[in-house]
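Peer 1:
Residue numbers (our numbering), protein chains in the order written: chain A, 1 to 396; chain B, 1 to 280.
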């Protein structure tokens, strides 16, 4: 049986590398044109080429979002752009416009086309239409239940991808122009201002908000595997390296444990704790197991919290001198208990006993983000590039 | 150029116009007044103009049998067209070999020549253009596409649609009960929206009339096949429709029409305003 795909977002080349190293099977990226995250850094054609080379060396894949809703002017140059990206080695395009789908399938049949969730595809007859157009995979609407997804899969032959983690739209994707009207930013061309997270008031001057909580499907991955979903998608092309490393690394663990029949309740609690610590909103499974209800949104205000768990990104480890060199991200000090985690899946907890600055001068605290520090610590594991350090407990 | 209308309440008398748009109960959203199949049959008997039916929900598997039934019924009724959002409608039309004319009505997505042409090749008869594009873009589509286009010129635009019961959930959160309608104001812009909920979800309408009476002449001159006016939130709608029919009949030359309908307000939506999407 083919193992389910873990599909990660990547907002730039470094994120692409990190997320593949942390266990994604494929990444989806935006080019500098035609992507629904127009304000992310996004990839030049040369960066797409490099990203594809990196991914293919690992036996992994890169998909390009080309999923804006096109205006006349956007069509100028799109065919040339598609050709350049195909030549750069892209494995699939994620598309919402059926004209673009037909153009790609006609001219580049070797390249897959995935129907974007922007189309909010929610039934098998609509999928039959796109199958006849040559679509290889459909990213389903996020408004579907387990039963509905299962029934779709039984009635179609293309691959099915679903979102499992991250921010959710309040409205059907593609069926919302609140951003256009409130801010003049075109939601369907990558300019969405997330007006559904703005604050409104009703006629009684009471606050009315309707922002959705995030999605977290960690407990239902086995269900998604069982019903025949092919790919599990994490949202967040504008998320940080740390967020991607934790979320992708955790879902990698969950998927691998399911396939090796080693996922226990105890492990699941650890994984959930990791995901909770990087979330800045509460989470829900939304439509998957029940009808949506008031618990899925924030009314009358919302709480978004961020923490300072992320302490640093490892540059290198000298295993003769036992020195861990890293860029600091958040304040910590000697005596704090920290965890080193690596793209290989290792998680090592230890107390910081000796801390040095970039000149190897002994320090009590690391207080300057982006500066280089060293921790002296004997480690019996390989510590590859993009390993990271996070806080476990502050010293008392 | 024809003038089609969508009413916001059931009236014995339909305004004198070229066609009427009837949202089908259980199968349409983003509309105020819904009609059953029986009501559509009755209107078809008494109304001499064209009859269009809106079937523009996002459909789910469990809706498909009902959808096949109503499309077959509408085909038998020989209605003049069905507005659709979900591609299931097009697929079912193909599978059942229906001759029903279809109108591509993916609210915010009908924005360019080539995709209109794509749907034209797929046996879609008309496209209702998006309301978030400029008049220049509309004119380019009308003149360059093989598709017959419709343009909504007067309405309170539907801006967003969610499957979530946003008003019920709001009251549940407060532990209160309330109507399934709210008027809300976005605090920074001051924009006001009518929010309405039914069993299929929640729709946001702009609380301002989009007044496109001043662009009707441009549309006429480029050969636009049809304009649409929607009654919801528009005062003296019958008079407006009657005047618009006369205006078109006389070649859109009567400037007093434009002057008279300045009273609908100065919101011209995106006809003269381009949206942006890169902010850095």
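Ideal Cβ placement from N, Cα and C applies to all residues, glycine included.
If I follow the unbroken alpha helix (DSSP H) through residue 256/B, where does it start and stop?
Peer 2: Walking along the second chain from the start, residue 256/B turns up at place 256. DSSP places residue 256/B inside the alpha helix (DSSP H), whose first and last residues are 255-260.
Peer 1: Give a yes or no on whether the minimum CB-CB distance between residue 210/B and chain A is below 8 Å.
Peer 2: Against the second chain, residue 210/B aligns to sequence position 210. No, residue 210/B does not count as interfacial toward chain A.
Peer 1: Could you confirm whether any beta carbon from chain B is found closer than 8 Å to the beta carbon of residue 375/A?
Peer 2: Taking the first residue of the first chain as position 1, residue 375/A is located at position 375. Judged by the 8 Å Cβ criterion, residue 375/A is not in contact with chain B.
Peer 1: Throw me the rounded Cβ distance for the residue 155/B and residue 230/B pair, which I believe falls under 8 Å.
Peer 2: For this step, residue 155/B is matched to residue 155 along the second chain. For this step, residue 230/B is matched to residue 230 along the second chain. Residue 155/B to residue 230/B, Cβ: 4 Å. Contact.
Peer 1: With a Cβ-Cβ cutoff of 8 Å, do residue 270/A and residue 251/A count as a contact?
Peer 2: Against the first chain, residue 270/A aligns to sequence position 270. Against the first chain, residue 251/A aligns to sequence position 251. Not closer than 8 Å, so no.
Peer 1: Taking only beta-carbon atoms, is residue 99/A less than 8 Å away from chain B?
Peer 2: Within the first chain, numbered from 1, the residue matching residue 99/A stands at position 99. By this cut-off, residue 99/A is an interface position.
Peer 1: Please report the distance separating the alpha-carbon of residue 6/B from that of residue 228/B.
Peer 2: The count along the second chain starts at 1 and reaches residue 6/B at position 6. The count along the second chain starts at 1 and reaches residue 228/B at position 228. Roughly 8 Å separates the two Cα atoms.
Peer 1: Go ahead and pull the three-state DSSP assignment for residue 312/A.
Peer 2: For the purposes of this step, residue 312/A is identified with residue 312 of the first chain, where counting begins at 1. In the structure shown, residue 312/A sits in a strand (DSSP, three-state: E or B).
Peer 1: Between residue 161/B and chain A, is any beta-carbon pair separated by less than 8 Å?
Peer 2: Residue numbering aside, residue 161/B sits at position 161 when the second chain is read from its first letter. Cβ-Cβ to chain A under 8 Å: yes for residue 161/B.
Peer 1: Excluding sequence positions up to five away, which residues of its chain have a Cβ less than 8 Å from the Cβ of residue 48/A?
Peer 2: The residue given as residue 48/A occupies position 48 in the first chain. Correct list, in chain order: 29, 31, 62, 64, 85, 88, 89, 90.
Peer 1: Since I believe residue 313/A is in contact with residue 210/A (beta carbons under 8 Å), could you give me their beta-carbon distance rounded to a whole number of angstroms?
Peer 2: The sequence position of residue 210/A within the first chain is 210, counting from 1. The sequence position of residue 313/A within the first chain is 313, counting from 1. With a Cβ gap of about 37 Å, residue 210/A and residue 313/A do not count as contacting.
Peer 1: Suppose only complete runs of 3+ residues qualify. What are the beta strand (DSSP E) ranges in the region 200-288 of chain A, listed by chain order?
Peer 2: When DSSP assignments are scanned along the region 200-288 of chain A, the uninterrupted stretches of beta strand (DSSP E) that are 3 or more residues long and fall wholly within it turn out to be 200-202, 214-216, 231-234.
Peer 1: Between which two residues does the alpha helix (DSSP H) holding residue 243/B run?
Peer 2: Translated into positions along the second chain, residue 243/B becomes position 243. Where residue 243/B is concerned, the enclosing alpha helix (DSSP H) stretches over 237-249.
Peer 1: On the three-state DSSP scale, how would you describe residue 11/B?
Peer 2: Position 11 of the second chain holds residue 11/B. Coil, per DSSP.
Peer 1: If we cut at 8 Å on Cβ distances, does residue 194/B have a partner in chain A?
Peer 2: In the second chain, the residue the question calls residue 194/B occupies position 194. Chain A contact via Cβ: absent.
Peer 1: With 8 Å set as the bound, which would you pick, yes or no: does the beta-carbon of residue 4/B sit closer than that to a beta-carbon of chain A?
Peer 2: Here residue 4/B refers to the residue found at position 4 when the second chain is read from its first residue. Taking Cβ atoms only, chain A never reaches closer than 8 Å to residue 4/B, which makes this a no.
Peer 1: How would you label residue 130/A, buried or exposed, when you count the other beta carbons within 10 angstroms and need 16 or more for buried?
Peer 2: As a position in the first chain, residue 130/A is number 130, starting the count at 1. Around the beta carbon of residue 130/A, 16 or more other beta carbons lie within 10 angstroms, which makes this residue buried.
Peer 1: Excluding the 5 residues flanking residue 50/A on each side, which residues of the same chain have their C-beta closer than 7 Å to its C-beta?
Peer 2: Here residue 50/A refers to the residue found at position 50 when the first chain is read from its first residue. Answer for residue 50/A: 13, listed in chain order.
Peer 1: Determine contact between the region 340-360 of chain A and the region 387-396 of chain A, defined as no fewer than three beta-carbon pairs at a distance below 8 Å.
Peer 2: The region 340-360 of chain A makes contact with the region 387-396 of chain A, as at least three CB pairs between them are under 8 Å.
Peer 1: In whole angstroms, what separates the C-alpha of residue 316/A from that of residue 228/A?
Peer 2: Counting from 1 along the first chain, the entry for residue 316/A is found at position 316. Counting from 1 along the first chain, the entry for residue 228/A is found at position 228. Spanning the two alpha carbons is a distance of roughly 41 Å.
Peer 1: If you run the structure through DSSP and keep just helix, strand and coil, what is residue 347/A?
Peer 2: Along the first chain, one-based indexing puts residue 347/A at 347. Residue 347/A: strand per DSSP, three-state reduction.
Peer 1: What is the DSSP secondary structure of residue 139/B, counted as helix, strand or coil?
Peer 2: Working through the second chain from its first residue, we reach residue 139/B at position 139. Helix.
Peer 1: Find out if the Cβ-Cβ distance for the pair residue 90/B, residue 102/B is shorter than 8 Å.
Peer 2: The count along the second chain starts at 1 and reaches residue 90/B at position 90. The count along the second chain starts at 1 and reaches residue 102/B at position 102. Yes. Within cutoff.
Peer 1: Are the CB atoms of residue 92/B and residue 125/A nearer to each other than 8 Å?
Peer 2: Mapped onto the second chain, residue 92/B falls at position 92. Mapped onto the first chain, residue 125/A falls at position 125. Yes; because the gap between Cβ atoms is below 8 Å, this pair is in contact.
Peer 1: Going by beta-carbon coordinates alone, are residue 174/A and residue 119/A separated by less than 8 Å?
Peer 2: The sequence position of residue 174/A within the first chain is 174, counting from 1. The sequence position of residue 119/A within the first chain is 119, counting from 1. Yes. Within cutoff.
Peer 1: Could you work out which residues of chain B lie near residue 11/A, taking near to mean beta carbons separated by less than 7 Å?
Peer 2: In the first chain, the residue the question calls residue 11/A occupies position 11. Taking the beta carbon of residue 11/A as reference, no residue of chain B falls within 7 Å; the closest one sits roughly 13 Å away.
Peer 1: Assuming residue 116/B and residue 225/B are in contact, meaning their beta carbons sit under 8 Å apart, how far apart are those beta carbons, in whole angstroms?
Peer 2: Taking the first residue of the second chain as 1, we reach residue 116/B at position 116. Taking the first residue of the second chain as 1, we reach residue 225/B at position 225. Their Cβ separation, rounded to whole angstroms, is 12 Å, which puts residue 116/B and residue 225/B out of contact at 8 Å.
Peer 1: Run down chain B in chain order and give the residues with a C-beta less than 8 Å from the C-beta of residue 281/A.
Peer 2: Along the first chain, read from residue 1 onward, the residue named residue 281/A stands at position 281. What residue 281/A touches in chain B: nothing, since even the nearest Cβ is about 16 Å away.
Peer 1: Identify each residue in the region 73-86 of chain B for which the Cβ-Cβ distance to at least one residue of chain A is less than 7 Å, and report them in chain order.
Peer 2: 86
Peer 1: Assess contact between the region 252-269 of chain B and the region 206-221 of chain B, defined as three or more Cβ pairs (one per stretch) separated by less than 8 Å. Is contact present?
Peer 2: Yes, they touch.
Peer 1: Could you check what DSSP says for residue 178/B in three-state terms: helix, strand or coil?
Peer 2: Against the second chain, residue 178/B aligns to sequence position 178. When secondary structure is reduced to three states using DSSP, residue 178/B falls in the coil class, being assigned neither helix nor strand.
Peer 1: Can you round the beta-carbon distance between residue 184/B and residue 202/A to whole angstroms, since I take them to be within the 8 Å contact cut?
Peer 2: For the purposes of this step, residue 184/B is taken as residue 184 along the second chain, with counting starting at 1. For the purposes of this step, residue 202/A is taken as residue 202 along the first chain, with counting starting at 1. Confirmed, Cβ separation roughly 5 Å.
Peer 1: Note down, in chain order, every chain A residue with its Cβ under 7 Å from the Cβ of residue 65/B.
Peer 2: By 1-based counting over the second chain, the position of residue 65/B is 65. Under the 7 Å cutoff, chain A gives no residues; its nearest Cβ is about 11 Å from residue 65/B.
Peer 1: Nearest to residue 356/A by alpha carbon, out of 367/A, 374/A, 347/A?
Peer 2: Residue mapping note: residue 356/A aligns to position 356 of the first chain, counting from 1. Answer by Cα proximity: 374/A.
Peer 1: Between the Cα of residue 146/A and the Cα atoms of 104/A, 222/A, 167/A, which residue gives the shortest distance?
Peer 2: On the first chain, position 146 is the one that residue 146/A refers to. Minimum Cα distance to residue 146/A is reached at 222/A.
Peer 1: So, are the CB atoms of residue 14/B and residue 54/B less than 8 Å apart?
Peer 2: Along the second chain, one-based indexing puts residue 14/B at 14. Along the second chain, one-based indexing puts residue 54/B at 54. It is not a contact, given that the beta carbons lie outside the stated cut-off.
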